[in-house]
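Chains B and L supply the protein sequences, listed in that same order. Be aware that the first sequence starts at 1, since it is given in this note's numbering, and climbs by one per residue. Be aware that the second sequence starts at 206, since it is given in this note's numbering, and climbs by one per residue. These notes concern the structure reproduced below.
Protein chains: 2
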Amino acid sequence: MGAAAGQIKRGRKFDQVLEGAQEVFMRDGFEGASVDDIARAAGVSKATLYSYFPDKRLLFMEVATGQCQRQAEECIQAIDPDLPPEEVLRGSAERMMRFYLSEFGRAVFRIVVAETERFPGLGREFWEAGPAKSRDVLIEYFREANARGKLRVADAELAADQFTELCKVDLHPRLLMGLCRDVSEADRNRVASGAVDMFLARYGR
Amino acid sequence: MGAAAGQIKRGRKFDQVLEGAQEVFMRDGFEGASVDDIARAAGVSKATLYSYFPDKRLLFMEVATGQCQRQAEECIQAIDPDLPPEEVLRGSAERMMRFYLSEFGRAVFRIVVAETERFPGLGREFWEAGPAKSRDVLIEYFREANARGKLRVADAELAADQFTELCKVDLHPRLLMGLCRDVSEADRNRVASGAVDMFLARYGR
DNA sequence: ATGAATATAAACTAATCGGTTTACTTTCGG
DNA sequence: CCGAAAGTAAACCGATTAGTTTATATTCAT
């Protein structure tokens, strides 16, 4: 996937085009973004844009998958299973919230949710690049912590999904629906603590 | 709001137009829906459509707010505080899941998330018509149950948001991202039980 | 039945869109 | 410094869009 994917050509202004497309797609969505806008934002002529990407769809897909990759890096977290569970959970919560609540994370999420019908496979690509990785790490940790007797987790997958969901509490829906523009550090702490407390009440020992 | 809102005219074919618009908007989103499509789906001429609604935006807003009202009815749940908490929670979980996971609920959610930038206020309208009502009912119940000593809930708002979020676990994100088309009864039971168990582990007594 | 209100199909406008073409300029390796 | 490759601006194409108009048909209260 590093060389030439599909019909896409590499070259001097490749990244430039991609950055402009990223900016405009993330702001306006797929339908809302016009190719002229993208070319202007990229500081590139429309002809050049079309010399790299055969059409708008593929350009969008390239942007979207690129974002997914970026997210993957954010999400890969080394968990130290020797730390007390409370600290592991706390760190995980902060990491997940930092992504899900960021402007960037919200934009990607919004686009994936909005366009997943028009672009089959986009949802899965996003999922597997980001959330699934984070999920796997958590599951693995819960299994090990259970075996070691540090936690009592029968269904590690359910537990991982629950913890992830607990990290979104209130803040994520609020931001997604435009009920507020951003969240304070205090809000995050309240939710993160709430998630850890609840998780340990259920699965701690 | 029952008589004449904004510039909108009532008349014989009003509901017919609205139903067609509903169908097409819910399927294609705002940008994706064409007015000709809507008129066709409504079984009405374009001129008639425009005699009721001054433009596409207002028609969309009317549909969206209508959906929010519908959702409100779905969500208003009478909670019997004399029942054991476990049963109250179980009923609440099922009700919320029935909405959030339905094709209808997902379409509304998807549209709200996608268009909330283009239509400021849409998110709030949806929120206050639906989720907020459900939330208030839960909060009220948790306060009373705490006072009665049936639960031990210090922060009723946090608890309500957590329980709501626990009802979305795994299934809601999966559906939103198109990772699966629908969920089985077994999936729902697993998640509902997981939510109730976790909640009671934290706030039960 | 009649006349006013309402609905219709279809043509039309002006704008926008994705994508191509053309004629010209810049970049850059050998 | 030269020539091919790459980039540019702008005009252009065909399709589609929101919204209007026109001329005709239907509905409905009186």
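C-beta: ideal position from N, C-alpha, C; glycine also.
- Query: Can you give, in chain order, each stretch of the beta strand (DSSP E) that sits fully within the stretch 210-290 of chain L and has at least 3 residues?
  - Reply: Taken in chain order, the complete beta strand (DSSP E) segments of 3 or more residues contained in the stretch 210-290 of chain L number zero; there are none.
- Query: What number of angstroms, rounded off, separates the C-alpha of Leu405/L from the C-alpha of Glu236/L?
  - Reply: 44 Å
- Query: DSSP state of Arg410/L, grouped into three classes?
  - Reply: coil
- Message: Spatial neighbours of Ala107/B within its chain, please: C-beta separation below 7 Å, excluding the five flanking residues on both sides.
- Response: Met26
- Item | Coil, strand or helix - Arg329/L by DSSP | helix
- Message: Taking the straight line between their C-alpha atoms, what separation do you get for Phe104/B and Lys373/L?
- Response: 23 Å
- Span of the alpha helix (DSSP H) holding Ala350/L? Ala350/L -> alpha helix (DSSP H) spans Pro336 to Ala352.
- Within chain B, partners of Arg395/L - CB distance below 9 Å: Asp155 and Leu158
- Query: Going along the chain, which residues of its own chain have a beta-carbon closer than 6 Å to the beta-carbon of Val88/B, five neighbours each way excluded?
  - Reply: Around Val88/B: Ile79.
- Task: Output yes if chain L places a C-beta closer than 9 Å to the C-beta of Pro81/B; else output no.
- Result: no
- Buried or exposed: which applies to Gln272/L, given that a residue is buried once 16 or more other Cβ atoms fall within 10 Å of its Cβ? Burial is judged here by how many other beta carbons sit within 10 angstroms of a residue's own beta carbon; Gln272/L has at least 16 and is buried.
- Query: With a cut-off of 9 Å, does the C-beta of Thr116/B fall near any C-beta of chain L?
  - Reply: Judged by the 9 Å Cβ criterion, Thr116/B is in contact with chain L.
- Length of the line joining the Cα atoms of Asp366/L and Gly11/B: 49 Å
- DSSP three-state assignment for Arg303/L, whether helix, strand or coil: helix
- Task: Output the distance between the C-alpha atoms of Val240/L and Ala41/B, rounded to the nearest integer angstrom.
- Result: Going from the Cα of Val240/L to the Cα of Ala41/B covers about 30 Å.
- Task: Can you have a look at Ala93/B and say buried or exposed, based on whether 16 or more other CB atoms are within 10 angstroms of its CB?
- Result: buried
- Item | Cβ neighbours of Lys214/L in the same chain (closer than 6 Å, five flanking residues each side left out) | Tyr257
- Thinking C-alpha only, which one of Gln71/B, Lys150/B, Ser45/B and Val153/B is nearest Glu128/B? Gln71/B
- Message: So if I threshold CB-CB distances at 9 Å, which residues from the stretch 52-66 of chain B count as touching chain L?
- Response: none
- Does the stretch 317-330 of chain L come within contact of the stretch 176-187 of chain B, defined as at least 3 CB pairs closer than 8 Å? yes
- Task: Starting from the C-beta of Met403/L, find all residues in its chain whose C-beta is less than 7 Å away, skip the five residues before and the five after it, and write them out in chain order.
- Result: Only residues of its own chain outside the window of five on either side were considered, and among them Leu371 have a CB closer than 7 Å to the CB of Met403/L, listed in chain order.
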